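One point on numbering: in my numbering, the residue at position 176 of the sequence shown is 158, and numbering is uninterrupted. Note that CB positions come from ideal geometry on N, CA and C, so glycine has one too. Here the structure is a predicted model, which means the values were calculated and not measured.
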Amino acid sequence: MQPEKEWRRKSFKQRLVLKSSLAKETLSEFLGTCIMIVLGCGCVAQAVLSRGHFGGFVTINVGFAMAVVMAIYVTGGVSGGHINPAVSFAMCLFGRMKWFKFPFYVGVPKGLQPIAIGLLIIVLSSSLGLNCGCAMNPARDLSPRLFTALAGWGFDVFRVGNNFWWIPVVAPMVGAAIGGLIYVLLIEIHHPNLNPDFEAEPSEDKLEKHELSVVM
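Set out below in structure tokens:
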């Protein structure tokens, strides 16, 4: 009877709280991906439907970047705000996340990190996005294709561009693995706090390094 009384004391909001952390993370990633696709593809639709009068290359890149920033801020506290299967794949590959969570996701960004990610997307799409629009997120490319196929365009959306559809699905996964490996080998393992064999630097060197960083 005691558990039943406690359940009755809970508010309606408290009763809706999920106990499974996996379910919470899955719903969080679902909402984050929805925010990114609706806002990002909305920028593309506005530019296309207005024939360039209310948007173009710059607004699409900036809009998609800001859509990612908003999605990460909304979902980051629960699931980490991956909103990109390639990111989740790399996290599993390097032991940052358990593999059984990967199908549901298909560290949490804090502070200014979501903004940094958004700026990175702007830089990449503006400098390397001429040939394919910089489709570096499988969820960003495959989801709209599936929707348009079901909405009446049929499987032509998968045949266009010489069957290009699989490249934005596979290439980001490979790129995330290679990029993660490069970061681990060249940056992460050399951090003093992660390397127990690292000898402490003299205090003068630390002071000079700090002063240099302030000047920069």
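With a threshold of 8 angstroms, are at least 3 pairs of Cβ atoms found where one atom belongs to the region 150 to 157 and the other to the region 63 to 77? yes
**Asked** Cβ atoms of Gly45 and Leu21: under 8 angstroms apart, would you say?
**Response** On the sequence shown, residue 21 is found 39 positions in, with the first residue counted as 1. On the sequence shown, residue 45 is found 63 positions in, with the first residue counted as 1. Against a cut-off of 8 angstroms, the Cβ pair of Gly45 and Leu21 comes out as a contact.
message = Let's see if you can read the secondary structure: which residues bound the alpha helix (DSSP H) around Arg141?
response = What you label residue 141 is simply residue 159 of the sequence shown in a count that begins at 1. Run containing Arg141: 138 to 145, per the alpha helix (DSSP H) assignment.
Point to revise | Buried/exposed call for Ser109, threshold 16 Cβ in 10 Å | key: Working through the sequence shown from its first residue, we reach residue 109 at position 127. So Ser109 counts as exposed.
(Q) So, for Asn119: in the same chain, excluding its five sequence neighbours on each side, which residues have a beta-carbon less than 7 angstroms away from its beta-carbon? (A) Locating residue 119 in the sequence shown gives position 137, counting from the first residue. Non-local beta-carbon contacts of Asn119 in its own chain, meaning distances under 7 angstroms to residues more than five positions away in sequence, involve Asn66, Ala68, Pro154 in chain order.
Please check the pair Ser107 and Cys116, which I expect to be a contact at CB under 8 angstroms, by giving their CB distance rounded to whole angstroms. For the purposes of this step, residue 107 is identified with residue 125 of the sequence shown, where counting begins at 1. For the purposes of this step, residue 116 is identified with residue 134 of the sequence shown, where counting begins at 1. With a Cβ gap of about 4 angstroms, Ser107 and Cys116 count as contacting.
Checklist line | Where Ser2 falls: helix, strand or coil (DSSP) | finding: In the sequence shown, counting from the first residue as 1, residue 2 sits at position 20. Of the three classes helix, strand and coil, the one that applies to Ser2 here is coil, per DSSP.
Threshold first: 4 residues or longer. Then list the alpha helix (DSSP H) segments lying entirely within the region 17 to 80, N to C.
39 to 57, 67 to 75
| Sub-8 angstroms separation of Lys6 and Val60 beta-carbons | For the purposes of this step, residue 6 is taken as residue 24 along the sequence shown, with counting starting at 1. For the purposes of this step, residue 60 is taken as residue 78 along the sequence shown, with counting starting at 1. Yes, the Cβ-Cβ distance between Lys6 and Val60 is below 8 angstroms.
* Asked: By the 10 Å Cβ neighbour count, where 16 or more other Cβ atoms means buried, how is Pro85 classified, buried or exposed?
  -> The sequence position of residue 85 within the sequence shown is 103, counting from 1. Exposed is the call here.
Could you give the distance in angstroms between the alpha-carbon of Leu0 and the alpha-carbon of Gly157? As a first step, residue 0 is located in the sequence shown; it is residue number 18 there, counting from the start. As a first step, residue 157 is located in the sequence shown; it is residue number 175 there, counting from the start. Distance between the alpha carbons of Leu0 and Gly157: 35 angstroms.
**OP:** Find out if the Cβ-Cβ distance for the pair Ser10, Thr57 is shorter than 8 angstroms.
**Re:** Reading the sequence shown from its first residue, position 28 is the one you call residue 10. Reading the sequence shown from its first residue, position 75 is the one you call residue 57. It is a contact, given that the beta carbons lie within the stated cut-off.
**Prompt:** Among the residues of its own chain, which have a CB less than 8 angstroms from the CB of Gln(-4), if the five just before and after it don't count?
**Reply:** What you label residue -4 is simply residue 14 of the sequence shown in a count that begins at 1. If we look at Gln(-4) and ignore the five residues flanking it on each side, it has no Cβ neighbours.
*asked:* If distances are taken between C-alpha atoms only, which option among Phe146, Met48, Gly143, Asp138 comes closest to Ala98?
replied: Translated into positions along the sequence shown, residue 98 becomes position 116. Ranking Phe146, Met48, Gly143, Asp138 by Cα distance to Ala98 puts Met48 first.
Beta-carbon contacts of Tyr55 that lie in its chain and below 7 angstroms, excluding the five residues immediately before and after: Within the sequence shown, residue 55 is the residue found at index 73, counting from 1. Cβ within range, chain order: Pro96.
Exercise for the section: In the DSSP assignment, find the unbroken alpha helix (DSSP H) run with Ala131 in it and report its ends. Expected result: Reading the sequence shown from its first residue, position 149 is the one you call residue 131. Counting along the chain, Ala131 falls outside any alpha helix (DSSP H), and DSSP gives it neither H nor E.
* To do: Give the secondary structure of Gly111 by DSSP, where H, G and I count as helix, E and B as strand, and everything else as coil.
  => Translated into the one-based positions of the sequence shown, residue 111 becomes position 129. Of the three classes helix, strand and coil, the one that applies to Gly111 here is coil, per DSSP.
Own chain partners of Gly111 with C-beta closer than 6 angstroms, once the 5 adjacent residues on each side are dropped
Here residue 111 refers to the residue found at position 129 of the sequence shown. Cβ neighbours of Gly111 beyond the five flanking positions: none.
C-alpha distance - Val26 paired with Arg122, whole-angstrom precision = Your numbering for residue 26 matches position 44 in the sequence shown. Your numbering for residue 122 matches position 140 in the sequence shown. Taking the straight line from one Cα to the other gives about 12 angstroms.
| message | DSSP three-state label for Arg(-3), please. | response | On the sequence shown, position 15 is the one that residue -3 refers to. Here Arg(-3) sits in helix by DSSP.
Out of Leu163, Leu4, Ile149, His35, which has the shortest C-alpha to C-alpha gap to Lys80?
-> In the sequence shown, the residue the question calls residue 80 occupies position 98. Closest by alpha carbon: Leu4.
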